[in-house]
Structure formats: structure tokens, C-alpha cells
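Structure first, then comments.
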Amino acid sequence: MSIFNDVAIVAVAESDLGIVPHLNSADLMAQASIRALKEAGLSKHDVDGLFSTSAHYSMPTLTLAEYMGITPKYMDATSIGGSSFVSLVAHAAQAISNGLCEVALIAYGSTQRTDGGGLANISEPFNHEAPYGNFDPISSYALVAQRHMYEFGTTRNQLSEVAVAARKWASMNSKAFKREPLTLDDVSNSTLISTPLTKLDCCLITDGGAALVLTTKEKAKSLNKEPIYIWGYGESTTHRSIVSMPNLVETAAKLSGLSAYEMAGVGPSDIDVVQLYDAFSINVILFLEDLGFCPKGEGGSFVANGAIAPGGRLPVNTNGGGLSYCHPGMYGLFTVIEGVRQLRKECGERQIDNCRIALANGNGGVLSSQVTMILSNEAGA
Amino acid sequence: MTYNKPLPNPKGISETYWKGLKEKKLLIQVCNHCQEQIFYPRILCPNCGDEDIEFKEHTGEGEIYSYTVLHKSIVKGFSEETPYTLALVKLDGGNAKMMTNIVGCSPDTVEIGMRVSVVFTDVTDEFTLPHFIPVGGQ
Ligand SMILES: [Zn+2]
Chain X
8 MSIFNDVAIV
18 AVAESDLGIV
28 PHLNSADLMA
38 QASIRALKEA
48 GLSKHDVDGL
58 FSTSAHYSMP
68 TLTLAEYMGI
78 TPKYMDATSI
88 GGSSFVSLVA
98 HAAQAISNGL
108 CEVALIAYGS
118 TQRTDGGGLA
128 NISEPFNHEA
138 PYGNFDPISS
148 YALVAQRHMY
158 EFGTTRNQLS
168 EVAVAARKWA
178 SMNSKAFKRE
188 PLTLDDVSNS
198 TLISTPLTKL
208 DCCLITDGGA
218 ALVLTTKEKA
228 KSLNKEPIYI
238 WGYGESTTHR
248 SIVSMPNLVE
258 TAAKLSGLSA
268 YEMAGVGPSD
278 IDVVQLYDAF
288 SINVILFLED
298 LGFCPKGEGG
308 SFVANGAIAP
318 GGRLPVNTNG
328 GGLSYCHPGM
338 YGLFTVIEGV
348 RQLRKECGER
358 QIDNCRIALA
368 NGNGGVLSSQ
378 VTMILSNEAG
388 A
Chain U
121 MTYNKPLPNP
131 KGISETYWKG
141 LKEKKLLIQV
151 CNHCQEQIFY
161 PRILCPNCGD
171 EDIEFKEHTG
181 EGEIYSYTVL
191 HKSIVKGFSE
201 ETPYTLALVK
211 LDGGNAKMMT
221 NIVGCSPDTV
231 EIGMRVSVVF
241 TDVTDEFTLP
251 HFIPVGGQ
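Line order of the protein sequences matches chains X and U.
When the letters of the first sequence are read in order and numbered with our numbering, they come out as residues 8 to 388.
When the letters of the second sequence are read in order and numbered with our numbering, they come out as residues 121 to 258.
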């Protein structure tokens, strides 16, 4: 049974996305926050819980509180990489159910594109990686992809299928950064960076922000939007550096997924739409396996022939994902936002029919932390 | 010519490992309780939790667990040396893996499962790096 039954997600929003040179990271956080609060019919005066983390600000909830003029009763700035924001949604829900706050604002913003194109990175250099020219993070993911191909026969074309499916979904999302058609050969033949990964196996580097508001199930009744409920949640980590990943072809999503399914009382076959943190194409293949959508090793054949693209057997990353929609450094919150919008049936051309249960999975570090959340438009039993 | 690639900044337990390299020894910790190989150096065994662990000289042999050939790189000193091979080598006798470069062979001859052995590359007066070459290789 979900421990979050008394809580609802009542608003989601993005800031301006893509290339936003006239705003800084805090501006983007605040812009997304205002949009989310307006969507719910709330104002900043209603917010008493603040949640954020950042590669730009050392004390991000203080930055956000000061900027917006909010004096919170409760704050959390969990830092577990790109998955942090899925984690923060659950931490906020927990704070609300425990009475520590009533209206929780979760906000993110990053100008990593405008700042120079490199991934905003606060990672400390690692003595046992840096001297060998590890191109962080792509080479760590490349080591995983190479091992997956070796153990299971996963092919170059199967990696490309992930990026092509994302692009097809993005073509139906007016907010997506890349919408022009893409072929398997385009991906396979794009600039080779770290074998087997090419440039188009890598997520975008964009500016952008996002915000999400949670409150009590009771208070949600008086707000503008259909409330969305958290049925299940789980998180774990297997390593910090790729050197210490116990098994390169199995991520902590196996553990976080089991926890989330158990809390929700559902399994993979009950999920209507899946949002996975696709920092690199290989991620989607790994997470589909680890979250039980196919047996270990069969992720490559699972995604083949457009199976996760529009009209395929399982809708994955219906916003276009980090590969084609946006990726401002920490993508985690965007997986939850798309899950919420699908459950509210707001997705227009890309809307999934009869969408009742969504799964969002955040990834942090180099496949290091995994956070799984199961959402529904029906209140948990 | 000055060496312009990233160097380690060892502090604490790891200093023993880096000093060993300087003397052309690959010192890998082994747990006296569960026999687990431990890499990178720590003050306890991450497998069983025991603190009775010690540095032992390793043969420097193992096999390639995974690798990637960098055709583009933004790492200082490496960006002008592409293509180069970054690998995870699984050391014989346990589960420890270490990151390294495979040297002394063309990147396109590297394969997962290939047997490799350590070579000690003095990169500065202070630091020696453990690189690996194919066993019986060039
Ligand atoms: Zn031990």
C-alpha cells in the first residue's frame, strides 16, 4: 500500500526550454515555479515546503527561497545526481503526509547550454579514473553499452532505435528541441565519440527548468487540476564511479523498481506509459530490462522495429525524452511531468489511450542512483 | 615537455597504492576475513565490513571486462591523442576492476575477454600509472 495516499501532485510546468540566454538558472527555477503555482491556482504565499538541487548553486533551496521570497517550514536538497528530482517528489510527499508542510514546491533550473555547452558538472575528479582520460560521463556509459553488446548481442541498430523512437515522439511535442525526422542510419553514422556511442546516442544539452507542486489530497480538491497520486516509490544506488559498478549490465533500477512495484501493488504489465531517464540510448535498454518490461539481455530486441515509438507495443518517453525534448543537466523531474500530463490526458497528438498508470524512472551519476515512481490518476486504495 | 594530462591527488590510504606504483608494484588490498580484492584502497572491506585488510602485490594480470575507444575527448592532454583505449580490467584472483588505458596495440585489436598485463608508465617524477598491454602482445 502506498505511504503517499494522502498526497497529490497538483501542478507541473516547464520554464522556457532550449536556448534561453536571457535568463540565469535561478530565473528559470522561478519561472517554472510561477507557472506551476498558477496552473494549480496557488501563489508563492501558499508554499511552505521547498525542494531543489543544483549543479549551479551550493545551497539551492536557500537560493530559491531568497529569490522568490518564500519562508519555508521544511526544505530538502538531496543530491544523488539526475535522479534527485524524482527522489525529491517522494521526499516532499513524505513531508506532507507527516505534517511537516502542506504545499511543497519542487523546482529546478539550469543554463548549461548557454554556459558553454558542457554538462554542468560538480563531480570531484576521481584519482582512479581521471589519469586515464575518462570522458565523463559518456565513456562510463560507453563501457556499459560495450559490455551489453558483448554479453547479449545487442546491436548498433538497436541503440539507434531508442533515439529514433524518441525523435518520433518529439515530433508530436511542440516544446521539443529536436523535431526533424531521424533515421537509424543517421544515429549510427553520426560522429563517433566513445565506441559504441555516437553523438546522437547522447542526450541534448539545453537550458531549462521545471517545477512541480504537491499538497494534501484534501486541499487538492479545491485546486484547478485533476490530482495525480503516487502509488509506488523506490530508490537505490550501486556505485558512484563506473569502476565500482558491480555488474555493468544491471542497474539499481532493479531494486528501485521492485520497491516501487511492491508499494503500488502492480507489476510491469499494468503500466500504461513509461518515462525513462535517457541520458544515453543504452539507458532505455537497461531500464526496460531492470524494470521488468523484458528479460535481462532482451532490451535490444525489445526496442527493435519501432516497439517503443508511437504505435509500438509500449509507449516510452512520450515527450521525446532527454534525447530529443530537453536535457538541462538533471532531467529527472521531466520524467514525472510527462507522466502526470499523460495521466491528465493533456498530451494531444501524443496522448496514450486509457492511460491510468505511469512509471517514471530517474537515473543519477553514471547509472549510479536509480529512483522509480509509479503514478496514477486514481487515488490509491 | 611537461606532462599535461590529469594526475591523481592521493590522500589517505590510497597513498600506499600510488607509492607502490612508483616502485613498479601493483598493490591491491585483500581482505583477510573474506579474501575479497578491494579496489580502490579503503579502510574496510566493502564486502564483509572487516577492517583486517592488507595491501598485497598483485601479479598485474587480468582480462578486459569492458573498453571504449575514444574518438573525441575533452580531457586535457587526451583530446589531441584520439583514438585511445579506455578499459576496465578485471584483475585475476578476485572481483576488483580498475580503469586503465590499453597501450602497445592498435585500439581496433582490443576485445572484451582479452588477457592483459600491467606495465608501469612513469609520467612525472612523482607519478607512475598502471597501464595494460595484451599478454604476448606487441
Ligand atoms: Zn571482507
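For glycine and all other residues, C-beta sits at the position ideal for the given N, C-alpha and C.
Can you give me the C-alpha to C-alpha distance between X/P302 and X/L374, rounded to a whole angstrom? For the purposes of this step, residue 302 of chain X is taken as residue 295 along the first sequence, with counting starting at 1. For the purposes of this step, residue 374 of chain X is taken as residue 367 along the first sequence, with counting starting at 1. Per the coordinates, the alpha-carbon of X/P302 lies some 19 Å from the alpha-carbon of X/L374.
Using 7 Å as the limit for Cβ to Cβ distance, is X/S201 near chain U? Walking along the first sequence from the start, residue 201 of chain X turns up at place 194. Residue contact check for X/S201 against chain U: a CB pair falls below 7 Å.
Excluding five sequence neighbours on each side, which residues of the same chain lie with their C-beta closer than 8 Å to the C-beta of X/T205? Translated into the one-based positions of the first sequence, residue 205 of chain X becomes position 198. Same-chain partners within the cutoff: V194, S195, N196, S197, T198 and L199.
Consider the C-beta atom of U/D172 and the heavy atoms of ligand 1; say whether any pair is separated by less than 6 Å. For this step, residue 172 of chain U is matched to residue 52 along the second sequence. For U/D172, the distance from the CB to the nearest heavy atom of ligand 1 is not below 6 Å.
Would a C-beta distance cut-off of 7 Å place X/M75 and X/K51 closer than the cut-off? For the purposes of this step, residue 75 of chain X is taken as residue 68 along the first sequence, with counting starting at 1. For the purposes of this step, residue 51 of chain X is taken as residue 44 along the first sequence, with counting starting at 1. Yes, the Cβ-Cβ distance between X/M75 and X/K51 is below 7 Å.
Run the CB neighbour count on U/E135, radius 10 Å, all protein chains shown included, and call it buried at 16 or more, exposed below. Counting from one through the second sequence, the residue named residue 135 of chain U turns up at place 15. When all chains shown are included, U/E135 counts as exposed.
Which same chain residues end up closer than 6 Å to X/A102 when comparing Cβ atoms and leaving out the 5 residues on each side of it in sequence? On the first sequence, residue 102 of chain X is found 95 positions in, with the first residue counted as 1. The beta carbon of X/A102 sits closer than 6 Å to those of G56, Y81 and C108, all from its chain and outside the five residues before and after it, given in chain order.
Applying a beta-carbon distance threshold of less than 7 Å, which residues of chain B neighbour U/F198? Among the protein chains in the structure shown, which are X and U, there is no chain B.
Counting Cβ pairs closer than 8 Å, one from the segment 121-140 of chain U and one from the segment 290-307 of chain X, do we hit at least three? The segment 121-140 of chain U, when compared against the segment 290-307 of chain X, does not touch it at the 8 Å Cβ threshold.
Compare the beta carbon distance of X/G328 and X/D285 with 7 Å and say whether it is the shorter of the two. Residue numbering aside, residue 328 of chain X sits at position 321 when the first sequence is read from its first letter. Residue numbering aside, residue 285 of chain X sits at position 278 when the first sequence is read from its first letter. Yes, Cβ-Cβ distance for X/G328 and X/D285 is below 7 Å.
Residues of chain X with CB under 9 Å from U/Y160, in chain order? Against the second sequence, residue 160 of chain U aligns to sequence position 40. By Cβ distance, chain X contributes F133, N134, H135, S248, V250 and S251.
heavy atom of ligand 1 below 6 Å from U/H153 C-beta: Working through the second sequence from its first residue, we reach residue 153 of chain U at position 33. It does: the Cβ of U/H153 is within 6 Å (strictly closer) of some heavy atom of ligand 1.
Please classify X/I26: is it buried, with 16 or more other beta-carbons within 10 angstroms of its beta-carbon, or exposed? The count along the first sequence starts at 1 and reaches residue 26 of chain X at position 19. X/I26 should be labelled exposed.
Cut-off 8 Å between Cβ atoms - residues of its own chain near U/Q258, not counting five sequence neighbours on either side: By 1-based counting over the second sequence, the position of residue 258 of chain U is 138. Model confidence at U/Q258 stands at a pLDDT of 47, short of 50, so the residue's coordinates are unreliable; what they give is reported in the following sentence. Only residues of its own chain outside the window of five on either side were considered, and among them G224 and C225 have a CB closer than 8 Å to the CB of U/Q258, listed in chain order.
Output yes if chain U places a C-beta closer than 7 Å to the C-beta of X/R163; else output no. Position 156 of the first sequence, counting from 1, holds the residue named residue 163 of chain X. Not an interface residue.
Sequence-distant residues of the same chain with beta carbon closer than 6 Å to X/L330, five excluded per side: Taking the first sequence and counting its residues from 1, one reaches residue 330 of chain X at position 323. Here the set comprises A170, A173, C210 and D285.
Counting only runs of 4+ residues fully inside the segment 196-270 of chain X, write out the alpha helix (DSSP H) ranges in chain order. Here the runs fully enclosed are 224-227.
Can you tell me whether X/A439 is helix, strand or coil according to DSSP? No statement about residue 439 of chain X is possible, as the shown extent of chain X runs from 8 to 388 and does not include it.
Would U/M219 pass as an interface residue toward chain X - the criterion being a Cβ-Cβ separation below 7 Å? Counting from 1 along the second sequence, the entry for residue 219 of chain U is found at position 99. With 7 Å as the cut-off, U/M219 counts as an interface residue toward chain X.
Please report the straight-line C-alpha distance between U/L127 and U/V243, rounded to a whole angstrom. For this step, residue 127 of chain U is matched to residue 7 along the second sequence. For this step, residue 243 of chain U is matched to residue 123 along the second sequence. Their Cα atoms are separated by approximately 9 Å.
For ligand 1, I want to know if U/N215 counts as a neighbour, meaning its beta carbon is within less than 6 Å of at least one of the ligand's heavy atoms. Locating residue 215 of chain U in the second sequence gives position 95, counting from the first residue. Checking the Cβ of U/N215 against ligand 1 gives no.
Could you tell me the boundaries of the beta strand (DSSP E) in which X/Y115 lies? By 1-based counting over the first sequence, the position of residue 115 of chain X is 108. Boundaries of the beta strand (DSSP E) harbouring X/Y115: V110 to S117, taken from the DSSP string.
May I ask whether a heavy atom of ligand 1 can be found less than 6 Å away from the beta carbon of U/N167? Taking the first residue of the second sequence as 1, we reach residue 167 of chain U at position 47. Within the cutoff, so yes.
If distances are taken between C-alpha atoms only, which option among X/A114, X/F309 and X/S90 comes closest to X/G369? Within the first sequence, numbered from 1, the residue matching residue 369 of chain X stands at position 362. The residue with the shortest Cα to Cα distance from X/G369 is X/S90.
Measure the alpha-carbon distance for X/Y157 versus X/E131 and round it to whole angstroms. Sequence index remark: in the first sequence, residue 157 of chain X carries index 150 (1-based). Sequence index remark: in the first sequence, residue 131 of chain X carries index 124 (1-based). In this model, X/Y157 and X/E131 are separated by some 31 Å (Cα to Cα).
Residue closest to X/A8, alpha-carbon to alpha-carbon, out of X/Q349, X/E296, X/H334 and X/M270: Indexing the first sequence from 1 puts residue 8 of chain X at position 1. The sequence given here places Met at residue 8 of chain X; Ala does not occur at that position. It is X/M270.
What does the alpha-carbon distance come out to for the pair U/Q155 and X/S251? Along the second sequence, read from residue 1 onward, the residue named residue 155 of chain U stands at position 35. Along the first sequence, read from residue 1 onward, the residue named residue 251 of chain X stands at position 244. Rounded to whole angstroms, U/Q155 to X/S251 spans 17 Å at the Cα level.
Evaluate X/I145 with the Cβ neighbour count: other Cβ atoms within 10 Å of its Cβ, from every protein chain shown; 16 or more gives buried, anything less gives exposed. As a position in the first sequence, residue 145 of chain X is number 138, starting the count at 1. Classification for X/I145: buried.
So is the beta-carbon of U/E156 under 6 Å away from any non-hydrogen atom of ligand 1? Working through the second sequence from its first residue, we reach residue 156 of chain U at position 36. Correct: U/E156 has its Cβ closer than 6 Å to ligand 1.
If you measure between the beta carbons of X/A217 and X/I344, is that distance less than 7 Å? To locate residue 217 of chain X, count along the first sequence from 1; it is residue 210. To locate residue 344 of chain X, count along the first sequence from 1; it is residue 337. Yes; because the gap between Cβ atoms is below 7 Å, this pair is in contact.
Counting contacts by CB-CB distance shorter than 7 Å, is U/L249 in contact with chain X? As a position in the second sequence, residue 249 of chain U is number 129, starting the count at 1. At a cut-off of 7 Å between beta-carbon atoms, U/L249 makes contact with chain X.
Among residues of its own chain, excluding the 5 on either side of X/V110, which ones have a beta-carbon nearer than 7 Å to its beta-carbon? For the purposes of this step, residue 110 of chain X is taken as residue 103 along the first sequence, with counting starting at 1. Contacts found: L49, D53, V54, D55, G56, V220 and T222.
Those residues which DSSP pairs with X/M380 across a bridge: Along the first sequence, one-based indexing puts residue 380 of chain X at 373. Note: X/M380 sits in a beta bridge opposite X/Y240 and X/A367.
Measure the Cβ-Cβ separation of X/S59 and X/G336 and say whether it is below 7 Å. The residue you call residue 59 of chain X lines up with position 52 of the first sequence. The residue you call residue 336 of chain X lines up with position 329 of the first sequence. When the beta-carbon positions are compared, X/S59 and X/G336 stay at least 7 Å from each other.
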